[in-house]
Structure formats: structure tokens, C-alpha cells
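Chemist: I have a structure I would like to understand better, so I am pasting it below and will then ask my questions one at a time.
2 protein chains.
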Amino acid sequence: MAKGRVTVVDIAKAAGVSKSTVSLVLQGSPLVNEGTRAKVTATMRDLGYVYNRGAASLRQANGRSKIIGIVVNDLTNSFFAELAVGVDMVVQSAGFVQFLSNTGESIDRQREVIASMREHGISGLIVSPARATEAADLKPLVAAGIPVVVAVRNVPGTKVSSIVSDNRAGTYAAVEHLASLGHRRVAFLGGFPDTAVFDERLDGYREALSAAGLESPPELVISSAPSRAGGVDAIGRALSIPDRPTAAVCFNDAVAFGVCDGLRARRMEPGRDFAVVGFDDVIEAKTAVPALTTISVDPQGMGRRAAQLLLKQINAGKADAESIVNSVRLVIRESCGAKQKQSERKLA
Amino acid sequence: MAKGRVTVVDIAKAAGVSKSTVSLVLQGSPLVNEGTRAKVTATMRDLGYVYNRGAASLRQANGRSKIIGIVVNDLTNSFFAELAVGVDMVVQSAGFVQFLSNTGESIDRQREVIASMREHGISGLIVSPARATEAADLKPLVAAGIPVVVAVRNVPGTKVSSIVSDNRAGTYAAVEHLASLGHRRVAFLGGFPDTAVFDERLDGYREALSAAGLESPPELVISSAPSRAGGVDAIGRALSIPDRPTAAVCFNDAVAFGVCDGLRARRMEPGRDFAVVGFDDVIEAKTAVPALTTISVDPQGMGRRAAQLLLKQINAGKADAESIVNSVRLVIRESCGAKQKQSERKLA
DNA sequence: TTAATTAATTGGAACGTTCCATATAAGTCA
DNA sequence: TGACTTATATGGAACGTTCCAATTAATTAA
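Chains as they are written, first to last, in my numbering: chain A, 3 to 350; chain B, 3 to 350.
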């Protein structure tokens, strides 16, 4: 029926007003008479008008759009998927829409998508950076006055806002808990040693051990891929050392699940024969058997907070870097054996 | 340093050519001399030029952009996250960028985000529709000539392209396999009965049973939420009926994991004491203990194919609906007991 | 009554790009 | 020589919106 798309001029013509008036209606300006407003909105509905945000933001000062970008390093990891969902929630209800891209830890891909997003005129960016992201990758954005918040992983040497979880406090609490259950040899399993997140978690583990008066021999920290397979591998090596650990705090939940798998493969039951605690509290942690004791970080909440921070900066116009650390909490379930100990105590 | 953003006019001025020439360079036109091209690209780099796609697609005929939209019903479900990743892959390498939104099964939210995406001028849409999505929700898009492909779930009565997996063949193969292992009472567990996907999977189950000469008493199909918790619930009910089933094909992997949990809670070992097969082949299926026998659907591949189909239609200009059904395959692991049977056979 | 105020509306210019038709320069052919 | 090509380069006009300054109409103040 229509030859081209319906524009404000078409609406104006049909409603018998000027395009300026239609524009005012579009923006909900109080300067327009209720009657005219009604007439115009009716015409818009009738003609099936769809707003052209591209044209709008072209005209608007400095081309600020209603688009924010979010790039994550691994969307197939449910932690980051949850993060994206959290961002989406607040971004959506603020009338923004999100460009989402997955880098799969590729720094080149990350560069590409960020460039592409800039071309599309994003007014802000949330990035969970790929490994080895440098400050230079984000520099042009901030130079152009585009607010950026990095999430989950920090980018060293960069002056942008960030939101990371309190990794140190998390593993500290985990070790403290295990020590209170009587464990004396606690391993740290999984993760790649070249990352800031790994270092922080390891630090918390070491601090808690020494605070509990326990030693932390280097052979008890065993790194591996931060995945389920990595966990299987790590527990295998952990159980082969002479003076076996009786408990482990794992780099993340994926590793912890792998550790459980590895234990079962050796006829050991996680929670009863060996205590394991994870990190992240992914959705499956609660329903797994045994339910995983872990450090809960609420990635969705983190995403929400990141988005709120970003929106604040977008609205403020000026973006002074702000770093927020997301507090975490130990949630005690079954895989650490605490529940079991408790029932034993009741029997005694 | 710069007061406003750098535009083609600035580049033209600095390079001593006209804006038209700059535009030609931008589009990689062969009409421009190599020398000028080099000079122009150099100036662009020097001045930190960033292309304004908004302005470009405003001018371009009918405002076709390099944006495609993807809306999924539940991004926290790794199946859909994988789907999105698959889409992202091909979309990215075709020079497009994706708007991604999560509806969380809310039809209102879906309407909002689709409207918002239209305003931003997407040139195509991939949607894994929320439950109860109607043809009317997609009608305006196709009327406007915007290619749409629905994935995973079909929307009845709509004339758009679709890509769904061969649900019937999947459960058929599962039942066939279980029957060949000697099972005579096979349950169908989990899922909501009001969906097309459920019906198709149930159909395949029934057909295979009758093909194997087995009966399919109604008490053996037990619906529940398509989640891990739903699985726990369903197996609980399944084991309480008089003539217990000895095997189950589950609505999806989440349900299957729940079923395994429920079995263990009753001191039954999945694979040994009860055969369970899932549907989807999520990443954890392979590494779980026991490894899950399931129907592999390769959501990432599905995403890739959906994106390819969409891009084809975008490039073709005209979009005749095409439906492709994604074939699935039974992958035999441990939870169905086949491996065990095999080793028993070897001993015999 | 006129002047001043308020309320509602409006035409044109601008945003950054692409497209079209035209222009220039150099080379080729009778 | 003049009339063609061919290879490059170019000024406007257009895309759909918003903003600004200006206009009209209705109301109030003096």
C-alpha cells in the first residue's frame, strides 16, 4: 500500500498540522494542545507510523542515541549471560536498547565490535573485557566522551568506571568456613594464574589460611582451565600428592562441578569424603546434587548495577570514573559437608 | 581538542578533495584514484574519523541499516544463549551488528522490544518467541518488508521463515533406543502441554512406542515445569505409580538433570537403576556424572543457520517464507545404561 | 482602547551522509 | 583539428527528524 515509509510530514499533512507540531507530540511536549495531541496520535496509529530514531539522533546535539553497547567475553558461560540479562533489564526500562556482542575472548573481535558500535553511535558501553584487553582499547571511547564501565574484570591503567566482585573477601570467607569445619589442608583449585581475578581469589585464600594459623604450601594451589574439565583435572592432581588435602576452594563453580565429578569417579562423595566450595553461585549450584556451597556473586545484580552506573553517567553528561566492588556472600549448602556435620552434632 | 565530531566535510577539507570523493572512498568505490584514496584514508586516521552509520542509512534508499535484531525468550537458559552466540557469529562477520533483547517469556516486553528495534531501523529480525506469541505480533514487520525468521518455536498462522528442530524425530529415536535396550515401560517426563514443542516431542514418543509394539498408557506422560526442579517433581510422581516405568525420555536436559537428582535422592543410580535420556544436549550434558544420553540439537548451529537464512533474505530484498527443520541426533552416553549393558555383554 | 502576556503553532535551517547529474582532464580515434 | 571515450572528481539535493526564531490567536493588564 505505502510506497515509502510514513514520515512526520505525512502525519502532519493527514492531521492538518505542521511537522513541527507532530515533532512536539512525539517528544511529549507540554506546549501542544490536548486536542491536537489526540488528533495527531490517532493519525499516527492509523497510518502505522514508526519513529525514525536514526534521523532524530542525527539532528540532536552531538548525536546521542538511545543505544548502549554491551560486550561480553563469553556468552555461553551462564555467568556472563546473567550479567547481560541484568544489564538488559535496566537498560530496557530506561527506554534504551542494547547492542550485544560476544567476543569469545578474542581481542581482535572485541576491537571490531567496539568500533562497529561506535559507528552506530552508542551513548555508552559496558564491557566485560576479553583477556589481555589494554587501556588503549578503551581510550578512544573516553576521549570521545562516551561513558564506559568495565565489569567483572578490571583493565589495568585505565581511567573508566568499573564494577568487580570482592574476590578476596569471597575466598577468605570460604576458607574461614572450611577451617571452622576442622579442615587443615585446604587446596585452591583451578583458574589461570595470569589474571587479576585469579590473583585476588588466591590472595583471599592465603590470607584466610594464615589468619586461621594454617600453612599454605604451594603444592596445594593447582591451576587449570576454569572449566568443568579443568576441575576434573585439578582434583586428580590434588589427590595424587602425598599429604592429601581434605577440602578445596575452587576458582569458580564450573571447576567445582568438575571437582565433584572427579571425586565421584574415584568413589568419593563430595561433601562427605571431601569438602568443596565454588565461586559464582550459578543457577545450577542450588539444584545440583549435592547442592554446591559457593560464593554468591549475583551476576544479574551486577549487570543491573553496571547499567545503572552507566545510565547515571550518560545522563550526567560528564563521567568521572567510579569503581564499585560488589560484595559477595558465602552460601552454605551441601558440598562442604557443613549440613552433614550439623546433623551429626544433633545426634551427639 | 575537537569541538564537534569529525565529519566527511572535515576530512574533505583537510585532504583537499570534495566530500563526495570522501564518500566514495568510504564505500570502497573503484572510481577513485589510488593516490587520492590513500591520502583520504590517511587523513581519516589522523583526524580520528568515525563513520556515522545513522546518517548514512538515513540517506540510503529505504533506510536499510546494518543492524539485525534478535530477541530470545530466556537468555539465562544456556540453550538460547548458545543460539544467540551462533547468530552473533555470522551476523558479525557479515558486517552487521545485533540488537539483542531478552523477553523472559513476557509477551508485553517482546512487543516493546520489537517496536523499539523497528524504530532503530533493523533490517531483519530473528526471534525465539515468548510463549503465546501470535501472528499479529510479527505481522507489521513483514508488512513493512522486514525479513523475520522465527527460531526454536513456531508461531502458528504466520507466514514467516522458521527454523525449528526435528522434535518428533528426536523423541522417536530416543524411545527406539530405549526399547532396543529392553525397556518396556518408558515414561515421558516434563514440559508444559500447551506448547507446540511439547506436542511434537510427545508425538514422536508415542509413534515410536507403537512402532515398537509397546503401549503408551496416559499415566506415563507426566508434565511439569521444563526445569531441573520440574524434573525432580516429575520423577517423584513417576515412581509412585503402581507399575513403575524403568526408563524415561525427558522434555529437555534440564528436566533430565532433575530426574537424575530425584533418582539419587531415592538411592537409585541413573543409568544403572533407571534409564534417562534428555533433549537439547546442553554443554553440561557431556561432562555431567553420569554423562547424559540426549538428543543433540546444536543450538549454536541453529543460530548460525537462522542468521544465514535471514541474511540471504535481506540481500535478496524479497523474503519468501522458508521453513527449515534442523535435524537432530541421538547421542548415547551413560545415563541410558547402554554403555553398561555393552560391558555386561562383553563379560557374558 | 492599546499594550503586554500567555498559549499554541509554524516554516525553515541544520545534522552527516549518499546519490545524481554534471564537470574537468587526459587520452584516443578519425 | 574536432569529436569521442575514459578516468576521476564534484556540487547540490535529498533522507526524517529536531531546534530556533518567529508568528498567530487568545487572554489579561493598564
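Don't be surprised by glycine CBs; every beta carbon is placed ideally from N, CA and C.
Is there a Cβ from chain B that is less than 7 Å from the Cβ of A:ASP263?
Modeler: Here the question's residue 263 of chain A lines up with position 261 in the first sequence. Closer than 7 Å to some Cβ of chain B, the Cβ of A:ASP263 qualifies, so yes.
Chemist: B:VAL52 to B:GLN315, Cα distance in whole Å?
Modeler: For this step, residue 52 of chain B is matched to residue 50 along the second sequence. For this step, residue 315 of chain B is matched to residue 313 along the second sequence. Rounded to the nearest angstrom, the two C-alpha atoms are 29 Å apart.
Chemist: Could you confirm whether any beta carbon from chain B is found closer than 7 Å to the beta carbon of A:THR9?
Modeler: Residue numbering aside, residue 9 of chain A sits at position 7 when the first sequence is read from its first letter. No, its Cβ sits nowhere closer than 7 Å to a Cβ of chain B.
Chemist: Tell me, to the nearest whole angstrom, how far the beta carbon of B:ASN75 is from that of B:GLU107; I am working on the premise that it is less than 8 Å.
Modeler: As a first step, residue 75 of chain B must be located in the second sequence, where it is residue number 73. As a first step, residue 107 of chain B must be located in the second sequence, where it is residue number 105. Right, their Cβ atoms sit about 5 Å apart.
Chemist: CB B:LEU313 to CB B:VAL151, shorter than 7 Å?
Modeler: Working through the second sequence from its first residue, we reach residue 313 of chain B at position 311. Working through the second sequence from its first residue, we reach residue 151 of chain B at position 149. For B:LEU313 and B:VAL151, no; Cβs fall outside 7 Å.
Chemist: Contact check, B:ARG268 vs B:LEU241 under 8 Å by CB: the rounded distance?
Modeler: The residue given as residue 268 of chain B occupies position 266 in the second sequence. The residue given as residue 241 of chain B occupies position 239 in the second sequence. With a Cβ gap of about 7 Å, B:ARG268 and B:LEU241 count as contacting.
Chemist: DSSP on A:PHE82, reduced to helix/strand/coil?
Modeler: Numbered from 1 along the first sequence, position 80 holds the residue referred to as residue 82 of chain A. Residue state, collapsed to three classes: helix.
Chemist: Can you look up A:THR197 in the DSSP assignment and give me helix, strand or coil?
Modeler: Position 195 of the first sequence, counting from 1, holds the residue named residue 197 of chain A. The answer is coil: DSSP assigns A:THR197 none of H, G, I, E or B.
Chemist: Comparing C-alpha positions only, which one of B:ALA40, B:ASP48, B:VAL34, B:GLY37 sits nearest to B:THR9?
Modeler: Working through the second sequence from its first residue, we reach residue 9 of chain B at position 7. For B:THR9, the nearest C-alpha among the options comes from B:ASP48.
Chemist: Would you list, in sequence order, the uninterrupted alpha helix (DSSP H) runs of no fewer than 4 residues that lie entirely inside the stretch 152 to 185 of chain A?
Modeler: Listed in chain order, the complete alpha helix (DSSP H) runs (minimum 4 residues) inside the stretch 152 to 185 of chain A are 169 to 182.
Chemist: For the stretch 284 to 302 of chain A against the stretch 220 to 235 of chain A, are there 3 or more C-beta pairs whose distance is under 8 Å?
Modeler: No contact exists between the stretch 284 to 302 of chain A and the stretch 220 to 235 of chain A.
Chemist: Express the C-alpha separation of A:VAL257 and A:PHE81 in angstroms, rounding to a whole number.
Modeler: Taking the first residue of the first sequence as position 1, residue 81 of chain A is located at position 79. Taking the first residue of the first sequence as position 1, residue 257 of chain A is located at position 255. One C-alpha to the other measures close to 13 Å.
Chemist: Select from B:THR295, B:ARG335, B:ALA308, B:LYS21 the residue whose C-alpha is nearest the C-alpha of B:ILE165.
Modeler: By one-based count along the second sequence, residue 165 of chain B stands at place 163. Closest option to B:ILE165, Cα to Cα, is B:ALA308.
Chemist: What does a CB cutoff of less than 7 Å around A:VAL87 pick up in its chain, not counting 5 residues either side in sequence?
Modeler: Working through the first sequence from its first residue, we reach residue 87 of chain A at position 85. Same-chain partners within the cutoff: GLN302, GLY305.
Chemist: Is the CB of B:HIS122 under 7 Å away from at least one CB in chain A?
Modeler: On the second sequence, position 120 is the one that residue 122 of chain B refers to. Judged by the 7 Å Cβ criterion, B:HIS122 is in contact with chain A.
Chemist: Tell me which residue opens and which closes the alpha helix (DSSP H) that A:ASP139 is part of.
Modeler: If you number the first sequence from 1, residue 139 of chain A lands on position 137. Element bounds for A:ASP139: 137 to 145.
Chemist: In three-state DSSP terms, what is A:THR9?
Modeler: To locate residue 9 of chain A, count along the first sequence from 1; it is residue 7. Coil at A:THR9, not helix or strand.
Chemist: Can you have a look at B:GLY6 and say buried or exposed, based on whether 16 or more other CB atoms are within 10 angstroms of its CB?
Modeler: Along the second sequence, one-based indexing puts residue 6 of chain B at 4. B:GLY6 is exposed by the Cβ-count criterion.
Chemist: Can you confirm whether A:THR135, when its beta carbon is compared against all beta carbons of chain B, has any partner nearer than 7 Å?
Modeler: On the first sequence, position 133 is the one that residue 135 of chain A refers to. Not closer than 7 Å to any Cβ of chain B, the Cβ of A:THR135 fails to qualify, so no.
Chemist: Output the residue ranges of the alpha helix (DSSP H) runs that lie fully inside the stretch 280 to 332 of chain A and measure 4 residues or longer, sorted by chain position.
Modeler: Listed in chain order, the complete alpha helix (DSSP H) runs (minimum 4 residues) inside the stretch 280 to 332 of chain A are 285 to 289, 301 to 318.
Chemist: B:LYS161 to B:ALA323, Cα distance in whole Å?
Modeler: Taking the first residue of the second sequence as 1, we reach residue 161 of chain B at position 159. Taking the first residue of the second sequence as 1, we reach residue 323 of chain B at position 321. The alpha-carbon atoms of B:LYS161 and B:ALA323 are separated by roughly 6 Å.
Chemist: Give the DSSP bridge partners of A:CYS252, in chain order.
Modeler: Locating residue 252 of chain A in the first sequence gives position 250, where the first residue counts as 1. Its beta-bridge partners are A:LEU191.
Chemist: Between B:VAL251 and B:SER167, is the Cβ-Cβ spacing less than 7 Å?
Modeler: By one-based count along the second sequence, residue 251 of chain B stands at place 249. By one-based count along the second sequence, residue 167 of chain B stands at place 165. No, Cβ-Cβ distance for B:VAL251 and B:SER167 is not below 7 Å.
Chemist: Output yes or no for whether 7 Å exceeds the beta carbon distance between A:GLY206 and A:TYR174.
Modeler: Stepping through the first sequence from its first residue, residue 206 of chain A is reached at position 204. Stepping through the first sequence from its first residue, residue 174 of chain A is reached at position 172. Result yes, Cβ atoms of A:GLY206 and A:TYR174 sit closer than 7 Å.
Chemist: Could you run through the stretch 80 to 103 of chain A and flag, in chain order, every residue whose CB is less than 7 Å away from some CB of chain B?
Modeler: Here the close residues are SER80, ALA83, GLU84, ALA86, VAL87, ASP90, GLN94, VAL99, GLN100, PHE101, LEU102, SER103.
Chemist: Which residue from A:ASP201, A:LEU216, A:ALA210 puts its Cα closest to that of A:SER225?
Modeler: Position 223 of the first sequence, counted from the start, is the residue given in the question as residue 225 of chain A. Taking only the C-alpha atoms, the option nearest A:SER225 is A:ASP201.
Chemist: Would you say the stretch 54 to 61 of chain B touches the stretch 30 to 38 of chain B, given that touching needs at least three Cβ pairs under 8 Å?
Modeler: The stretch 54 to 61 of chain B vs the stretch 30 to 38 of chain B: no contact.
Chemist: What are the boundary residues of the alpha helix (DSSP H) that A:GLN112 is part of?
Modeler: Reading the first sequence from its first residue, position 110 is the one you call residue 112 of chain A. Residues 109 to 121.
Chemist: Would you kindly report the start and end of the unbroken alpha helix (DSSP H) that includes A:SER22?
Modeler: Residue 22 of chain A sits at position 20 when you count from the first residue of the first sequence. Segment 21 to 28, the alpha helix (DSSP H) holding A:SER22.
Chemist: Return no unless some Cβ of chain A is closer than 7 Å to the Cβ of B:GLY305.
Modeler: Numbered from 1 along the second sequence, position 303 holds the residue referred to as residue 305 of chain B. With 7 Å as the cut-off, B:GLY305 does not count as an interface residue toward chain A.
Chemist: What is the residue span of the alpha helix (DSSP H) that B:LEU77 lies within?
Modeler: Indexing the second sequence from 1 puts residue 77 of chain B at position 75. Segment: none, B:LEU77 is in no alpha helix (DSSP H) and carries neither H nor E.
Chemist: Identify which residue in B:ILE243, B:LEU102, B:PRO247 has its Cα closest to the Cα of B:ALA189.
Modeler: Counting from 1 along the second sequence, the entry for residue 189 of chain B is found at position 187. Of the candidates B:ILE243, B:LEU102, B:PRO247, the one whose C-alpha sits nearest the C-alpha of B:ALA189 is B:PRO247.
Chemist: Where does B:VAL52 fall in DSSP's three states?
Modeler: Here residue 52 of chain B refers to the residue found at position 50 when the second sequence is read from its first residue. Here B:VAL52 sits in coil by DSSP.
Chemist: Using CA atoms only, rank isn't needed, just tell me which of A:ALA96, A:SER337, A:VAL199 is closest to A:PHE259.
Modeler: Working through the first sequence from its first residue, we reach residue 259 of chain A at position 257. Among A:ALA96, A:SER337, A:VAL199, the Cα nearest to that of A:PHE259 is on A:SER337.
Chemist: Tell me, please, whether the CB atom of A:TYR53 is closer than 7 Å to any CB atom in chain B?
Modeler: Along the first sequence, one-based indexing puts residue 53 of chain A at 51. Closer than 7 Å to some Cβ of chain B, the Cβ of A:TYR53 qualifies, so yes.
Chemist: Under 7 Å, do A:LEU180 and A:ALA249 count as touching if we go by C-beta distance?
Modeler: Along the first sequence, read from residue 1 onward, the residue named residue 180 of chain A stands at position 178. Along the first sequence, read from residue 1 onward, the residue named residue 249 of chain A stands at position 247. Closer than 7 Å, so yes.
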